Amino acid sequence: MSKINIAIDGPAGSGKTSLGKTLAQKINYHFVDSGLFYRYFAKICWEGGVSYQEKEKVISICSQQKEKVAKNPANFLQELEKQKSILSQPEIGNLASRFAPIKELRLIIYQLVRSLARNKGFVVSGRDITFKVLPEAEIKVFLTADLTIRAKRRYLQLQKEGKNLTLSEVEKDLKERDWRDQANILAAEKATDWKIDTTNLNSDESLEELYNLYKKNA
1 MSKINIAIDG PAGSGKTSLG KTLAQKINYH FVDSGLFYRY FAKICWEGGV
51 SYQEKEKVIS ICSQQKEKVA KNPANFLQEL EKQKSILSQP EIGNLASRFA
101 PIKELRLIIY QLVRSLARNK GFVVSGRDIT FKVLPEAEIK VFLTADLTIR
151 AKRRYLQLQK EGKNLTLSEV EKDLKERDWR DQANILAAEK ATDWKIDTTN
201 LNSDESLEEL YNLYKKNA
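Right, here's the structure in full:
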């Protein structure tokens, strides 16, 4: 069976990262979470004392990082995996949401993801994936779920990681991110070929839905 690319989009907390990673493992594909790219670059800028309001400095720092990544993308993906716990923290997510509107930063991340997925065999999840980054992906899926369900799932995940946040704090964070990302969420939903609402599905059932799409369309 020839390998393809699978693009997964959806609002924060919809499960696109966890389900995407599990699907990739099941079908022996590479997994890329583009959301971690935004978080990584935002963290680099923040650690360098650069605010999202300092656009030119942000572009300069991220362009330098892009060159490093391009030289050894495998090492970059390993570094993202090592830092995943830190990058997954809500405060880093909020920080990334401030940097993400910078067009030049988005273009840098788009280029990196495209270069990684060029040889096929990738499951890629994240912002703008289905309509700006990999619009040519053979399978494009939009995952969604009710806000309260997404908040509960995210809360349980953070609890496992030892993060001390209340459920109301997590729900508030997701609601704010939904508001900031509403235009992109709508565009992504329109661009996808399939929509899966996981509100009433557990993780195994959601994975089965994705896997069936893959089997039918690969």
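Residue numbers (the numbering used here): 1 to 218. Ideal Cβ placement from N, Cα and C applies to all residues, glycine included. Please read all numbers here as calculations on a predicted model, not as lab measurements.
When 89, 8, 199 are compared, the shortest CA-CA separation from residue 43 is found for 89. A buried status is given to residue 11, since no fewer than 16 other beta-carbon atoms sit within 10 Å of its beta-carbon. Partner residues in a beta bridge of residue 77, as assigned by DSSP, do not exist.
Counting only runs of 4+ residues, the alpha helix (DSSP H) found wholly inside the stretch 88-134 occupies 90-99, 103-117, in chain order.
Contact between the stretch 158-175 and the stretch 97-105 is absent: fewer than three C-beta pairs spanning the two stretches fall below 8 Å.
Relative to the Cα of residue 87, the nearest Cα in the group 114, 122, 154, 39 belongs to 39. By the criterion of a C-beta distance shorter than 6 Å, residue 41 is surrounded in its chain by 62, once the five residues flanking it on both sides are discounted.
By the Cβ-count criterion, residue 22 is buried, with 16 or more other Cβ atoms from all chains shown falling within 10 Å of its own Cβ. Contact between the stretch 168-178 and the stretch 115-126 is absent: fewer than three C-beta pairs spanning the two stretches fall below 8 Å. Close CB contacts of residue 96 within its chain, under the 7 Å cut and outside five residues either way in sequence, are with 38, 39, 42 (chain order). Within the same chain, and ignoring the five residues on either side of residue 46 in sequence, the residues whose Cβ sits closer than 8 Å to its Cβ are 95. Only residues of its own chain outside the window of five on either side were considered, and among them 155 have a CB closer than 6 Å to the CB of residue 167, listed in chain order. Remark: C-beta atoms of residue 141 and residue 210 approach each other more closely than 9 Å.
For residue 24, the number of other beta carbons within 10 angstroms of its own is at least 16, and it is reported as buried. Beta-bridge pairing by DSSP links residue 194 to 141. Between residue 137 and residue 28, the CB-CB gap reaches or exceeds 9 Å. Its Cα nearest to that of residue 131, the residue 186 stands out among 92, 208, 218, 186. Residue 207 sits away from residue 194, with the two beta carbons spaced by 9 Å or more. Taking all protein chains shown into account, residue 203 has fewer than 16 neighbouring C-beta atoms within 10 Å of its C-beta and is therefore exposed. By the neighbour-count criterion, in which a residue is buried when 16 or more other Cβ atoms sit within 10 angstroms of its Cβ, residue 218 is exposed.
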